[in-house]
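Take a look at the structure below.
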Amino acid sequence: MTGESVEDTKEHSNQSAAHVTGEYDPFIRGLFPVGVRTVQALDIARGRMFPCEIWYPATAQYAGQDIAQETQDVFTVPPSDTPRSQMAVRNAAAQAGTCPLIIFSHSSGGNRLQSTFLCTHLSSHGYLVAALDHSEVVAAELARQPVESDEQRAARQEAWIANRVPDIRFLLDHLLGGALLDSQINLAPAQIGIVGHSFGGWTALAATEVEPRIRAVVALAPGGSSKPKPGILRVKLNFDWGRDVPTLYLVAENDISLPLAGMYEIFERTPATKQMIILRRADHMHFMDNVEETHEAVRAMPFTGELAWITKEMRPIAELCSGEQAHLFVRGLTVCHMDAILRRQGEARAFLAGDLETELAERGVHVIVHKP
971 MTGESVEDTK EHSNQSAAHV TGEYDPFIRG LFPVGVRTVQ ALDIARGRMF PCEIWYPATA
1031 QYAGQDIAQE TQDVFTVPPS DTPRSQMAVR NAAAQAGTCP LIIFSHSSGG NRLQSTFLCT
1091 HLSSHGYLVA ALDHSEVVAA ELARQPVESD EQRAARQEAW IANRVPDIRF LLDHLLGGAL
1151 LDSQINLAPA QIGIVGHSFG GWTALAATEV EPRIRAVVAL APGGSSKPKP GILRVKLNFD
1211 WGRDVPTLYL VAENDISLPL AGMYEIFERT PATKQMIILR RADHMHFMDN VEETHEAVRA
1271 MPFTGELAWI TKEMRPIAEL CSGEQAHLFV RGLTVCHMDA ILRRQGEARA FLAGDLETEL
1331 AERGVHVIVH KP
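Just so we're on the same page, the numbering used here is the position in the sequence shown counted from 1, plus 970.
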């Protein structure tokens, strides 16, 4: 282990990057190699074992190994046995020091590994990122049943909703108690952010209402509008925060599951410093790994009944922006928001206050900055 702390190295990295590029750039990968490990966390009160993924800055000896295909982590997500890779080294030694903490919350039907493109990028910039499989994934009693009545389905979905925020609080307690971490890693309790996609975006916003340790939010196409489309979970947001928690909304122009009208409504109701940036020519799956493959897989599903509109309304991926463009958008702006709020970096604040449409267009990404 080196004696240099994560924050010390981050400051050195920023100075080096500034010397090379002449400007703050959260879109490029950070200077830390990234490690990843899977741990099991037992919630005794609810009798559930949660698989958790933790991404963290690794020691310099792993430099480049998280980028090289032959040394980066390969994993599978049951029930699929298709191998996938992520830009991290499995069980790499952790860089000693103190890290800001980011919790990631996955979508309905997703899992803790659905957006490794974002989690690894955050860790390359010095953040420790943690995600668990939510209760509806790990608890057999909450699983979808082959045959169920409308009442049974409604009760199951209510249980999904009721367990989401307790899942986040459980994970935070475990992490801050040191139960899931190496002794070399410390967490900064005043530097905690949360990111979530879809149902996970709702989870991030709902958890902020009851969890005062959360200081910054990035909501990726979140649920929670008052008029969801047929078949979409009816989740409510009270927004009874009682404090200012700066919130960044990253949403998709052509999201057929959670349309822009609902995003505008949620944004207007958010009682905090807030910003919304819309990715042009993007749909709901543009916030996940393997965008093209995932989008087309969903479009090919034989939806019927109240979800039949999905197949009819989804556009072919060839008509939308690329996964590479979407990932650059999400990675860079999420890092920038967390740097601005949790680290109070002046360069990050200035970047977010600048001409983002031009900045991103120069990178081949077209956005609309929402101006209510």
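All C-beta atoms in this analysis are idealised placements derived from N, C-alpha and C, irrespective of residue type, glycine included.
Alpha carbon to alpha carbon, how far is residue 1129 from residue 1334?
-> 42 Å
What did DSSP end up calling residue 1045 once you bin it into helix, strand or coil?
-> strand
Mind checking who residue 1027 pairs with in its DSSP beta bridge?
-> 1004
Straight-line Cα distance separating residue 1276 from residue 1123 | 14 Å
Would you kindly report the start and end of the unbroken alpha helix (DSSP H) that includes residue 1307?
-> 1293 to 1311
From the DSSP output, which residues share a beta bridge with residue 1055?
-> 1044
Determine the burial state of residue 1166: buried for a count of at least 16 other Cβ atoms within 10 Å of its Cβ, exposed for fewer.
-> buried
Assumed close pair residue 1175, residue 1148 - CB separation to whole angstroms, cut-off 8 Å | So it is not a contact: roughly 28 Å between Cβ atoms.
Which residues in the same chain as residue 1047 place their Cβ atom closer than 6 Å to its Cβ, once the five residues preceding and following it in sequence are excluded?
-> 1081 and 1083
Residues bridged to residue 1237 (per DSSP) | Its beta-bridge partners do not exist; DSSP assigns none.
With respect to the beta strand (DSSP E) encompassing residue 1075, which residues constitute its N-terminal and C-terminal limits?
-> 1067 to 1075
In the DSSP assignment, find the unbroken beta strand (DSSP E) run with residue 1363 in it and report its ends.
-> Residue 1363 is absent from the model: the chain starts at 971 and stops at 1342.
Any chance you could list the alpha helix (DSSP H) runs of at least 4 consecutive residues sitting entirely within the segment 1243 to 1302, in chain order?
-> 1261 to 1269 and 1279 to 1283
Near residue 1331, which residues of its chain fall below 7 Å by C-beta distance, leaving aside the five closest residues on each side in sequence?
-> none
Could you check if residue 1132 is buried or exposed, using at least 16 other CB atoms within 10 Å of its CB as the buried criterion?
-> exposed
Around the Cβ of residue 1314, are there at least 16 other Cβ atoms within 10 angstroms (buried) or fewer (exposed)?
-> exposed
N- and C-terminal bounds of the beta strand (DSSP E) containing residue 1347 | Any property of residue 1347 remains undetermined from this structure, which presents the chain solely from 971 to 1342.
Residue from 1134, 1113, 1136 and 1137 whose Cα sits closest to the Cα of residue 1126 = 1113
What residue from 1181, 1157, 1187 and 1235 has the CA that sits closest to residue 1069's CA?
-> 1157
Run through DSSP, which three-state label would residue 1032 get?
-> helix
Would residue 1106 be called buried (16 or more neighbouring beta carbons within 10 Å of its own) or exposed?
-> buried
When 1020, 1187 and 1228 are compared against residue 1241, the one with the closest alpha-carbon = 1187
Determine the closest residue to residue 1230 out of 1215, 1217, 1271 and 1198, with distance taken between C-alpha atoms.
-> 1198
Beta bridge counterpart(s) of residue 1219 as assigned by DSSP | 1189 and 1246
Go ahead and pull the three-state DSSP assignment for residue 1020.
-> strand
So is residue 1341 buried or exposed if we call it buried at 16+ other beta carbons inside 10 Å?
-> exposed
Which stretch, first to last residue, makes up the alpha helix (DSSP H) that contains residue 1129?
-> 1120 to 1146
Cut-off 6 Å between Cβ atoms - residues of its own chain near residue 1200, not counting five sequence neighbours on either side = 1276
Whose CA, out of 1263, 1019 and 1247, lies closest to the CA of residue 1325?
-> 1247
Classify residue 1098 as helix, strand or coil using the three-state DSSP reduction.
-> strand
Does the Cβ-Cβ distance between residue 1207 and residue 1307 come in under 8 Å?
-> no
So, helix, strand or coil for residue 1109, using DSSP?
-> coil
What residues in its chain sit with their C-beta under 6 Å from that of residue 1173, if we drop five residues either side in the sequence?
-> 1075, 1134 and 1166
Can you tell which of 1265, 1087 and 1281 has the C-alpha that lies nearest to the C-alpha of residue 1305?
-> 1087
Write down the C-beta distance between residue 1155 and residue 1064 rounded to the nearest angstrom, noting that I regard them as a contact closer than 8 Å.
-> 5 Å
Alpha-carbon spacing of residue 1160 relative to residue 1182, whole angstroms | 10 Å
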